[in-house]
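Beneath this line is the structure, given in structure tokens, with notes to follow.
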Amino acid sequence: MAILTCTPVFQERLWGGRKLETSFGYSIPKGRIGECWGISAHPNGMSVIESGEFAGTTLATLWEENRELFGAYTLDEFPLLIKLLDAADDLSVQVHPNDEEAMRLEGERYGKTECWYVVEAEEGAELILGHSATTKEELSNKVENGEWDDLLRRQPVKAGDFVFVPSGTIHAIGKGIVILETQQSSDTTYRVYDFDRTDDEGKTRELHLNQAIEVTTVPDCPTLVTPTSKNVSGGTVQTLVETEEFNVYRMDVRDGFAVHPLDRFRLISVLDGEGTLDGVSLQKGDHVVVTVTNQPLQVSGSMEWIVSDRMTV
Ligand code: ZN
Numbered sequence: 066m067a068i069l070t071c072t073p074v075f076q077e078r079l080w081g082g083r084k085l086e087t088s089f090g091y092s093i094p095k096g097r098i099g100e101c102w103g104i105s106a107h108p109n110g111m112s113v114i115e116s117g118e119f120a121g122t123t124l125a126t127l128w129e130e131n132r133e134l135f136g137a138y139t140l141d142e143f144p145l146l147i148k149l150l151d152a153a154d155d156l157s158v159q160v161h162p163n164d165e166e167a168m169r170l171e172g173e174r175y176g177k178t179e180c181w182y183v184v185e186a187e188e189g190a191e192l193i194l195g196h197s198a199t200t201k202e203e204l205s206n207k208v209e210n211g212e213w214d215d216l217l218r219r220q221p222v223k224a225g226d227f228v229f230v231p232s233g234t235i236h237a238i239g240k241g242i243v244i245l246e247t248q249q250s251s252d253t254t255y256r257v258y259d260f261d262r263t264d265d266e267g268k269t270r271e272l273h274l275n276q277a278i279e280v281t282t283v284p285d286c287p288t289l290v291t292p293t294s295k296n297v298s299g300g301t302v303q304t305l306v307e308t309e310e311f312n313v314y315r316m317d318v319r320d321g322f323a324v325h326p327l328d329r330f331r332l333i334s335v336l337d338g339e340g341t342l343d344g345v346s347l348q349k350g351d352h353v354v355v356t357v358t359n360q361p362l363q364v365s366g367s368m369e370w371i372v373s374d375r376m377t378v
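If you want the working numbering, it's the position in the sequence shown, counting the first as 1, plus 65.
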């Protein structure tokens, strides 16, 4: 039993839309649905295994009680979280703590380094990524004076782009963008700026300026990642990022492709196509955990995947 299919959890967001239904074919609740938590052991949106021997079990319980499925980790909490985001409007400008800051400031196990594969982007779509300040003092002054146009760096994006957002990097996803996000298992966000938006009752959303300034990297001028690509039997593997928190790959796979054996779990999200993996049917929008395996797992059909793992620690 190498493949655990996870039931997606949908989250309503002020900035969300309907593309998780129209583009991905999910049956989603009414309203502005901004996020699909595809694979998660976070209490704010827990994955449940859909079928097989572990049907009905949460991912957190499996991590706790059947660690051999995942690898020889000493981590007490499942480390990764996979989401699809549909930004029909701009998300607030935000920054996340690293592991040490998350523990010190919030008592949380993980900080939040994240990365985004751009699945769809409307013409002219932009992200915010990094800032122009050269010292903490300058950052603090510009935040206080609301010099946002000068401070925030804008980054145009198109489908297929990849963005690495380490903890400490100020960022925002702009309207008209759908991304697949691979992140540490954290829900801690420090909001820096919300475009002075108000809700139906005229209220603004809370900002967390002191924490944000404390955890923001200075200076910080990140750019898009240029992935490396290699052809393998039955497909193509693109390395998007390999870092301490996670490794992320984009794969085009078809008949003849095999998922090689590994001593640790992997996560697969299907962005397009359909087929099977080790005889298990997969289609666009499916998210699965591949457990530790000593046999290659064969693919049939034709699919586009985002695959991630975390080194054993
Ligand atoms: Zn974020």
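For glycine and all other residues, C-beta sits at the position ideal for the given N, C-alpha and C.
How would you label residue i, buried or exposed, when you count the other beta carbons within 10 angstroms and need 16 or more for buried?
i: Ala237; result: buried
i: Pro162; result: buried
i: Val378; result: exposed
i: Thr231; result: Thr is not the amino acid found at residue 231; the sequence shown has Pro there. Pro231 is buried by the Cβ-count criterion.
i: Glu100; result: buried
i: Ala26; result: Outside the shown range of the chain (66 to 378) lies residue 26, about which nothing can therefore be said.
i: Glu309; result: exposed
i: Pro144; result: buried
i: Lys177; result: buried
i: Asp439; result: The structure shown does not extend to residue 439, since the chain is modelled only from 66 through 378, so no value can be given for it.
Per the DSSP calculation, residue i is bridged to which residue(s)?
i: Cys71; result: Ile114
i: Arg315; result: Gln303, Ile371
i: His352; result: Ser334
i: Arg219; result: Ile193
i: Glu77; result: Ile98
i: Thr358; result: Leu327
Against chain D, with Cβ distances strictly below 7 Å, would residue i count as a contact?
i: Gly300; result: The question asks about chain D, but that chain is absent: this structure has only one protein chain.
(request) Could you pull out every unbroken beta strand (DSSP E) segment of at least 3 residues lying fully inside the region 169-217, listed in chain order? (result) 179-186, 191-196
(message) What ranges does the alpha helix (DSSP H) occupy inside the region 85-110, keeping only unbroken runs of at least 4 residues that lie completely in it?
(response) none
(request) Kindly confirm or deny that the region 232-251 and the region 145-156 touch, where touching means at least three C-beta pairs closer than 8 Å. (result) yes
(message) Measuring CB atoms only, is the region 184-199 touching the region 212-227, in the sense that at least three cross pairs come out at less than 8 Å?
(response) yes
(message) Check whether the region 326-335 and the region 291-298 are in contact - that is, three or more C-beta pairs closer than 8 Å.
(response) no
(message) Ignoring anything shorter than 3 residues, give me the beta strand (DSSP E) runs that lie fully in the region 240-297, in order along the chain.
(response) 242-249, 255-258, 293-297
(message) For the region 362-372 against the region 340-349, do three or more pairs of beta-carbon atoms, one drawn from each stretch, fall closer than 8 Å, so that the two count as touching?
(response) yes
(request) Only counting runs of 3 or more residues, tell me where the beta strand (DSSP E) segments fall wholly within the region 129-154, in order along the chain. (result) 145-152
(request) Determine, using beta-carbon pairs with one atom in the region 120-133 and one in the region 101-112, whether at least three such pairs fall under 8 Å. (result) yes
(request) Take every Cβ of the region 108-115, pair it with every Cβ of the region 83-97, and state whether three or more of those distances are shorter than 8 Å. (result) no
(message) Count Cβ pairs between the region 128-139 and the region 164-175 that sit closer than 8 Å; are there 3 or more?
(response) no
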